[in-house]
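One structure is given below, encoded as structure tokens.
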Amino acid sequence: MCGIVGYIGTKEKKSVILGGLKELEYRGYDSAGLAVMTDNCGCGSDIAYFKAVGKLENLEKKTANFTSKGFGVAIGHTRWATHGKPTEINAHPHFGEYSFVTHNGIIENYKELKEYLEKQGVKFISQTDTEVVVHMFEYLNRSEKDPFIAFEKTIAKLVGSFAILIITKAAPDKIFFAKNAVPLIVGKSDEDEIIFSSSDAPLIGLAKEAIYLEDGMYGVAQMGEVKIYQQKKLITCTPQLLPADKSYAQKEGYRFFMEKEIYEQSQVASETLMGRIKYNKINLEEINSQIFDDIDEIVLCACGTSYHAALAASYLFERIAKIRAKVETASEFRYRDPVLNKNSLFVVISQSGETADTLEALKIAKNAGLKTLAICNVDNSSIVRLAGNVLLTRAGIEKGVASTKAFATQVLTLWMVVLYIAQIRKTIDEETLHSEIKALLHIPQVLNIPDGLHEKIHRMSKHYLHGHGFFFIGRDIFYPLALEGALKLKEISYLHAEGYASGEMKHGPIALVDEGLFTVALLPQNVLYEKTKSNVEEIAARDGYVLTLSPLEFELSDDFIKTSKQNHAMSEFFEMMVALQLLALEISIRLGNDVDMPRNLAKSVTVE
Ligand code: G6P
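Be aware that the sequence shown starts at 31, since it is given in the working numbering, and climbs by one per residue.
Here it is in structure tokens:
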């Protein structure tokens, strides 16, 4: 996810900005940039800017001979590509004739705004959504002749998520800022310097307190003063004490990155959906809709958690889009001389975009002349570069080795592809399509962790530290979720856990059931409730220890996590997913394991 930093003061601006961006490196990025406004020569303000693709070292090298003395303002940015490739042109800050902007988030209506500005003769140079902000600001400032009003009006036109900083020669001692749905923090030092950032780590050491801006807030800052507005009214915000520990701050108060990433899921799910649903229709502009012409089969291929996302999606492709769907483990696919059908769409799913087996499988499919689509979290990764079509999942960097938010966004993206095909092929009626879209849009809310759930799971987790293993069971889409729940647990707890289709239990696995075997049963209301319930009863009858996740009370459970009543199976899927992630997390913490870096595992497996 992108990171932004801003500074007003007399310290060497480039160093402050680079230092701040370094603290935001943990958020992940693929290019970086900064702009500094000074009055070095005493003959009026001037803005210098620098951008570089790749690591911050590249930006440091580019700015090695640049320094700025005295008072000035500066902004900086690390970019995680979502609209347009990670190139220098697409890197922030974006500029107009006399102003520069950095932005974190997605401007959903940028196309409409861009079209409007182009008609007024404005020229765009990047492929980003962000560039529209600076041009709109300058365009409005032409008539308003007041940069604050121009800024206020610009922000009012934006739909989407944003943390924005603008510096402009029209107000050379100020930074204009706005926040909606992505974080932005502002602090003031004892020397009256002002520092902005996406998280508190860059502020630690410079300021003692900070204001954590809330959605809809915007304003203007100058040395010693930050004016914050909401709905055009000047408001007063109370600063909060900053944490003293930087690594704690990078985890934003969470104990582990995995924990933080579980809590981020609601936010990143909104980003995944952003701009891809318009007027009650799925709108996947990034891909060529013709890739679905003449396709009679979808082949989904992936490894690990991404494989589970593929498996879950395969049910949806057949049920909703009425298209045959096959799921392949990439490491197996590679060497089994697969018979490939030219009318298949080959879909690879990968968080990193670098998994060797998945990449090689993609090469095989491409060489065989198949149409290809990558569902990936990292732009410009090897898989993204190779695939014919790409949908980015927009989960932001995932640091915990055990994948959580990447999985959630993969399933969400695949569900959108399913609905897109259903929409094109009219395999479901308009009413069903609308209710599916409604359900899709409801997911960010489902992913909010309800009060008390984490604490309950923490308390419950002490029951699961002994025994001889775990079964995770479910049916239909809850079967891949059971596999994923088991994988999460084994990855970070090192306890033996297996996922099974509930109906398969009696074909062998049930022989293992006794009082030392834990079964985690996924019992949704909307999918085969009675059938799964009788499978769980069979386990309880053999004295197995059962943890049930269900919206309906189940008296035979030893432990019970009551999920909410949802009217869509996918809502139940995502709610149970969060509970399973928290269960794995809490068991692992109790066992004293390194949650973020489990033994023997790597985040990205680039060897076969
Ligand atoms: C590794 C990671 C897993 C991940 C798998 C596939 O094994 O530890 O968390 O699911 O690779 O990775 P990908 O980046 O292709 O999704």
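Yeah, the Cβ is synthetic: ideal placement off N, Cα and C, and Gly gets one too.
Start-to-end residues for the alpha helix (DSSP H) that takes in residue i
i      : result
GLY604 : Reading the sequence as shown, one finds Phe at residue 604 and not Gly. Start and end: 599–620.
ALA62  : Careful: ALA62 lies outside any alpha helix (DSSP H), inside the beta strand (DSSP E) at 61–68.
GLU315 : First-last for GLU315: undefined, no H or E at that position.
HIS133 : Taken as a continuous stretch (DSSP letters only), HIS133 belongs to no alpha helix (DSSP H), being part of the beta strand (DSSP E) at 129–137.
PHE376 : Careful: PHE376 lies outside any alpha helix (DSSP H), inside the beta strand (DSSP E) at 374–380.
ARG489 : 483–490
Neighbour-count burial assignment, residue i, 16 or more Cβ in a 10 Å radius
i      : result
ASP544 : exposed
LEU264 : exposed
LEU470 : buried
LYS154 : The sequence shown places Phe at residue 154, not Lys. PHE154 is exposed by the Cβ-count criterion.
GLY100 : exposed
PRO510 : buried
LEU89  : buried
VAL369 : exposed
PRO652 : As displayed, the chain neither begins before 31 nor continues past 638, which places residue 652 out of reach and without an answer.
GLU560 : exposed
ASN120 : buried
ASP230 : buried
ALA531 : buried
ARG364 : buried
ALA609 : buried
ALA425 : buried
Cβ separation of residue i and residue j, assumed to be a contact under 8 Å, to the nearest whole Å
i      : j      : result
PHE130 : ALA65  : 4 Å
LYS115 : ASN410 : 6 Å
VAL476 : PHE604 : 5 Å
LEU547 : LYS563 : Not quite, the Cβ-Cβ distance comes to about 19 Å (not below 8 Å), so this is no contact.
ILE47  : ILE205 : Between ILE205 and ILE47 the Cβ distance is about 12 Å, and since that is not below 8 Å, they are no contact.
VAL216 : ILE241 : 5 Å
LEU517 : HIS338 : 7 Å
PHE500 : LEU525 : 6 Å
ASP76  : MET67  : 7 Å
VAL566 : VAL576 : 6 Å
ILE540 : GLU568 : 7 Å
GLY418 : THR402 : 4 Å
LEU147 : TYR169 : 6 Å
Top-ranked residue by Cα proximity to residue i, from the options
i      : options                           : result
LYS352 : ILE451, ALA299, GLY254 and GLU460 : ILE451
GLU514 : PHE347, GLN611, TYR524 and PRO581 : GLN611
ASN210 : HIS133, GLY426 and VAL152         : HIS133
ALA395 : CYS331, THR578 and TYR59          : CYS331
ARG572 : LEU558, THR549 and GLU583         : THR549
THR309 : ASP387, LEU444, LYS536 and ASN139 : In the sequence under discussion, the amino acid at residue 309 is Tyr, which differs from the Thr named in the question. Cα-wise, what sits closest to TYR309 is ASN139.
GLY135 : ALA340, GLY190 and GLU142         : GLY190
ALA599 : HIS472, LEU542 and ASN313         : HIS472
THR458 : GLU291, THR40, PHE347 and VAL608  : According to the sequence provided, residue 458 is Ile. The question's Thr does not apply to it. If we check each option's Cα against that of ILE458, PHE347 comes out closest.
GLY574 : TYR59, GLN596 and LEU542          : LEU542
TYR56  : PHE80, THR108, THR93 and LYS91    : THR108
ASN623 : LEU495, GLY84 and GLU294          : LEU495
LYS644 : ILE522, ILE454, VAL635 and PHE80  : The displayed coordinates of the chain run from 31 to 638. Any statement about residue 644 would go beyond what the structure contains.
GLY63  : GLU53, ILE34 and LYS41            : ILE34
LYS372 : ILE317, LYS187, ASP326 and LYS81  : ASP326
The ligand G6P heavy atom lying under 7 Å from the CB of residue i
i      : result
GLN475 : no
CYS333 : yes
LYS633 : yes
GLN295 : no
SER433 : yes
THR385 : yes
SER28  : A query on residue 28 cannot be resolved here, the shown segment of the chain reaching from 31 to 638 and no further.
GLY336 : Correcting the residue type first, residue 336 is Ser in the shown sequence and not Gly. SER336 Cβ: within cutoff of the ligand G6P.
GLN381 : yes
THR388 : yes
Segment limits, beta strand (DSSP E) that includes residue i
i      : result
PHE548 : 547–552
ARG354 : 354–359
ALA78  : 76–83
LYS209 : 205–210
ALA193 : 190–198
ALA227 : The displayed chain sequence assigns Ser, not Ala, to residue 227. Element bounds for SER227: 224–227.
VAL476 : Premise fails: VAL476 lies in the alpha helix (DSSP H), 460–476, not in any beta strand (DSSP E).
LEU233 : Neither: LEU233 is in no beta strand (DSSP E) and is coded neither H nor E.
PHE286 : Run containing PHE286: none; DSSP gives neither H nor E here.
Any chain B beta carbon closer than 8 Å to residue i
i      : result
ALA395 : Among the chains in the structure shown there is no chain B, since it carries only a single protein chain.
Residue i beta carbon near the ligand MG (any heavy atom closer than 7 Å)
i     : result
ASN95 : Ligands present in the displayed structure are limited to the ligand G6P, and the ligand MG is not among them.
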